[in-house]
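In the UniProt record's numbering, the protein residues as written are 1 to 142.
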């Protein structure tokens with residue numbers, strides 16, 4: 001079995017409502033996202049010798065995730081405080097994206113994994129999401 005990965009970078013603003021540290025305040029990150037795929041090589045046709053075409057991975061990840069999240073305020077749709085900020089930004093024609101959970105690296109990695117698994121044919125095996133150059137989360141289904 002082979003493992004391949006494609007890396008992406010995107011910028012995002014968020015806050016963690018109820019957090020006991022400085023992340024309770026609105027701030028931003030430049031995230032690095034690594035999408036890992038596992039599988040056997042395609043045996044024939046135009047994709048012969050590949051697990052997946054990297055350009056297809058890029059198209060899928062951008063379409064399902066990054067086009068919506070890059071340069072957006074990501075917010076927890078269950079937080080009244082974060083909803084208020086999102087509504088204000090929407091009134092000002094700013095980009096927002098609602099998550100069904102807090103916008104922690106852990107929750108976002110799980111969300112991304114689930115979106116890609118459910119809405120693509122890619123053999124996703126792991127998501128690695130760096131929130132800072134020295135801090136990342138990995139989610140994989142074992």
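Where is the CB? At the ideal position from N, CA and C, for every residue including glycine.
- Where residue 88 is concerned, the enclosing alpha helix (DSSP H) starts and stops at 80-91.
- Annotation: the continuous alpha helix (DSSP H) that includes residue 116 extends over 105-119.
- If you draw a 10 Å sphere on the C-beta of residue 54, you find fewer than 16 other C-beta atoms in it, and that means exposed.
- If you compare the alpha carbons of 61, 87, 81, 15 with that of residue 127, the shortest gap goes to 61.
- C-alpha of residue 40 to C-alpha of residue 32: approximately 26 Å in a straight line.
- Bounds of the beta strand (DSSP E) holding residue 32 are 27-39.
- Residue range 54-61 is occupied by the alpha helix (DSSP H) that includes residue 56.
- Burial state of residue 2 is exposed, judged by a 10 Å Cβ sphere holding fewer than 16 other Cβ atoms.
- In the three-state scheme derived from DSSP, where H, G and I count as helix and E and B as strand, residue 122 is classed as coil.
- Non-local C-beta neighbours of residue 94 in its own chain, meaning closer than 7 Å and more than five positions away in sequence, comprise 73, ordered along the chain.
- Across the set 65, 58, 7, the C-alpha of 65 shows the shortest separation from the C-alpha of residue 115.
- In the DSSP assignment, residue 134 is bridged to no other residue.
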